[in-house]
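Let me begin by presenting the structure, written as structure tokens, before commenting on it.
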């Protein structure tokens, strides 16, 4: 099957490590076409993958005379073992080339942000219990921070020079240098001015369902959407930005991640000392 698009850049993670901010910057570049939505999860979702490459290509308004790359940013592509097939599925696509960007963050801060994201999503599928002042750890939070394990999935199928490893701290503190590195990696014009784009803060102003909602929800289930939203808002509460891991949880996480972080340093050449983590 001949593809309409044969050049892709995938921001594959890590979740809550600045992927949306980087995606927003690259979206401004005239040589980049972005997907709608940002995270189609095509290669992670069995349901979406079954729709086929024609469905996937239609997520872009791609002009080969203008655009060098089709950009998407599905962070589920680095959530092994929860989504185990992404790298293998990408590698099986014939007639297209892929470049990957993977941004990593201090795992303690990433997990805290991951928790805030899940709690504020107003979904119950993960059945989290929100207790102010504490964080309920789940295995997938730690697995998503096993950066070496996630990268290895791609190194098994793609050359190392097709995968760019970045540090979230550089996105915050050395933006111009980081964007130059990204542009050179993608072989697009590094002189483009990104100054009009503001960093994205998705956590600001988020709310969660308050404890009253689970009692009220069955009673308002059949109400029209507008009054139901009003009632839900009245039952909501602001998500505290003060939720932090305990010292005991931090020690547990770092013990769990020790071997992975050592591999990240020693085998993949990624310096974690900027995170204040050393063994």
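Numbering (the working numbering), first residue to last: 30 to 308. The beta-carbon is built from N, C-alpha and C at its ideal position, and this holds for glycine as well.
Alpha-carbon to alpha-carbon, residue j and residue i
i, j, result
"residue 298", "residue 248", "56 Å"
"residue 47", "residue 124", "30 Å"
"residue 274", "residue 109", "23 Å"
"residue 295", "residue 307", "12 Å"
"residue 154", "residue 170", "For residue 154, the pLDDT reaches just 45, beneath the cut-off of 50, and the residue's location in the model is therefore unreliable, leaving the point undetermined."
"residue 84", "residue 31", "14 Å"
"residue 214", "residue 165", "38 Å"
"residue 55", "residue 207", "12 Å"
"residue 211", "residue 253", "47 Å"
"residue 281", "residue 172", "13 Å"
"residue 276", "residue 50", "29 Å"
"residue 168", "residue 285", "10 Å"
"residue 343", "residue 57", "This structure leaves residue 343 out entirely; the chain is present only between 30 and 308."
"residue 293", "residue 149", "31 Å"
"residue 131", "residue 193", "6 Å"
"residue 195", "residue 201", "11 Å"
"residue 191", "residue 77", "25 Å"
"residue 53", "residue 104", "15 Å"
"residue 122", "residue 291", "32 Å"
"residue 305", "residue 184", "27 Å"
"residue 237", "residue 147", "With a pLDDT of only 47 at residue 237, under 50, the local geometry of the prediction cannot be trusted, and no value is derived from it."
"residue 143", "residue 287", "20 Å"
"residue 181", "residue 118", "15 Å"
"residue 272", "residue 283", "18 Å"
Beta-carbon proximity check, residue i vs residue j, cutoff 7 Å
i, j, result
"residue 96", "residue 62", "yes"
"residue 100", "residue 36", "no"
"residue 45", "residue 139", "yes"
"residue 198", "residue 303", "yes"
"residue 79", "residue 186", "no"
"residue 86", "residue 33", "yes"
"residue 41", "residue 127", "no"
"residue 289", "residue 177", "yes"
"residue 68", "residue 102", "yes"
"residue 64", "residue 39", "no"
"residue 107", "residue 179", "yes"
"residue 219", "residue 209", "yes"
Beta strand (DSSP E) segment containing residue i, residue limits
i, result
"residue 101", "98-101"
"residue 131", "126-133"
"residue 196", "192-196"
"residue 72", "Counting along the chain, residue 72 falls outside any beta strand (DSSP E), and DSSP gives it neither H nor E."
"residue 63", "61-63"
Assigned exposure category for residue i - 16 Cβ within 10 Å defines buried
i, result
"residue 66", "exposed"
"residue 145", "buried"
"residue 174", "buried"
"residue 301", "buried"
"residue 136", "buried"
"residue 189", "exposed"
"residue 134", "buried"
"residue 92", "exposed"
"residue 222", "exposed"
"residue 270", "Caution is warranted here: a pLDDT of 49 is assigned to residue 270, below 50, making its placement in the model unreliable, and the coordinate value is therefore given only provisionally. Exposed, since its Cβ has fewer than 16 Cβ neighbours within 10 Å."
Range covered by the alpha helix (DSSP H) that runs through residue i
i, result
"residue 171", "168-173"
"residue 138", "136-148"
"residue 122", "Residue 122 -> no alpha helix (DSSP H), and no H or E assigned at all."
"residue 281", "276-295"
"residue 52", "48-56"
"residue 177", "176-184"
"residue 88", "Careful: residue 88 lies outside any alpha helix (DSSP H) and carries neither H nor E."
"residue 32", "Unbroken run through residue 32: none, as it is neither H nor E."
"residue 94", "Element bounds for residue 94: n/a, residue is neither H nor E."
"residue 214", "204-215"
7 Å Cβ cutoff, residue i in contact with chain D
i, result
"residue 165", "Looking for chain D here will not work: only one protein chain is present."
Assess, as a yes-or-no matter, whether the region 57-72 is touched by the region 103-117 under the definition of 3 or more beta carbon pairs within less than 8 Å.
Touching, per the Cβ criterion.
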